[in-house]
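Sequential numbering of the sequence shown, starting at 63, is according to the numbering used here. Notes follow once the structure below has been shown.
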Amino acid sequence: MLPNKNTIDKTIEALIKNGFKVMLAEDEIDAERIFWDVFSEISPRQVSYGDSLTLRGLNVLNDIKSKDIDFIETFGDDLSWKEQIQNRKRALSSDLFLTGTNAITTKG
63 MLPNKNTIDK TIEALIKNGF KVMLAEDEID AERIFWDVFS EISPRQVSYG DSLTLRGLNV
123 LNDIKSKDID FIETFGDDLS WKEQIQNRKR ALSSDLFLTG TNAITTKG
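Structure, rendered in structure tokens:
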């Protein structure tokens, strides 16, 4: 069940109060537009991620990889366990580390 407008507004208000910059997307196309707007503002040279079904669903990871950006891959069958661990350590100091969230509460 999707949250109603009151719940969304309450959650946004709490997130802002807790120091988050909030941008609400109307749909996947809007979410992708917001992502690329913020990405362009940051203009990172090195990017990695901590896995996210949302990022995979928007297909932005493949688009990032096709740009002239050092993308630190931390997952994949083509990486040995040792390479995955090394890359995950490097990823923590990247210019932009992308991740998702499993839940957001109305307390922000």
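Glycine included, C-beta positions come from ideal geometry on N, C-alpha and C.
As for any beta strand (DSSP E) of minimum length 3 sitting wholly inside the segment 106 to 139, the runs are 108 to 111 and 132 to 134, ordered along the chain. The residue from Asn66, Leu77 and Lys67 with its alpha-carbon nearest to that of isoleucine 166 is Leu77. Taking the C-beta atoms as reference points, leucine 160 is found nearer than 8 Å to serine 114. Rounded to whole angstroms, the separation of the alpha carbons of asparagine 121 and isoleucine 91 is 11 Å.
Taking the C-beta atoms as reference points, isoleucine 104 is found nearer than 8 Å to leucine 158.
Restricting attention to Lys72, Gln108 and Ile126, the CA atom closest to the CA of serine 156 is found in Gln108. Pairing phenylalanine 101 with leucine 123, the inter-Cα distance amounts to about 12 Å. Exclusion of the five residues before and after phenylalanine 137 leaves Asp113 and Gln146 as the residues of its chain whose Cβ lies within less than 8 Å of its Cβ. Sixteen is the threshold: since fewer than 16 other Cβ atoms of the shown chains lie within 10 Å of the Cβ of phenylalanine 82, the residue is exposed. Going by DSSP, leucine 160 is part of the beta strand (DSSP E) stretching over 158 to 160.
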